[in-house]
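A.B. asks:
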Amino acid sequence: MRRGVCGTCRAKLVTGTVTMDENYALEQDELDKGYVLTCQSHPTSKEVTVDFDV
Ligand code: FES
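Residue 13 in the working numbering sits at position 13 of the sequence shown, and the numbers go up by one each step.
What follows is the structure in structure tokens.
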């Protein structure tokens, strides 16, 4: 199964940091703005806040 393709789980990272296993949905400009695919993001900071409404 391929992950990170549909982009349905897209959210903006407000605080903290994550790493993504795969990303086939987000363009570089979205990554630059802080968007992540939450379905396969792993926190790399103690706390992470994401906003699904932006
Ligand atoms: S990319 Fe499809 S649910 Fe995350």
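Quick reminder that beta carbons are idealized off the backbone N, C-alpha and C, glycines included. All values derive from a computational prediction rather than experimental measurement.
1) Just checking my contact of GLN40 with GLU22 at CB under 8 Å: how many whole Å lie between their CB atoms?
2) Does the Cβ of VAL5 lie closer than 7 Å to at least one heavy atom of the ligand FES?
3) Give me, in chain order, the residues of the same chain whose beta-carbon lies closer than 7 Å to that of PHE52; leave out the 5 immediate sequence neighbours on both sides.
4) Does the Cβ-Cβ distance between THR38 and GLY16 come in under 8 Å?
5) Would VAL54 be called buried (16 or more neighbouring beta carbons within 10 Å of its own) or exposed?
C.D. replies: Based on what the coordinates show:
1) 6 Å
2) yes
3) ALA11
4) no
5) exposed
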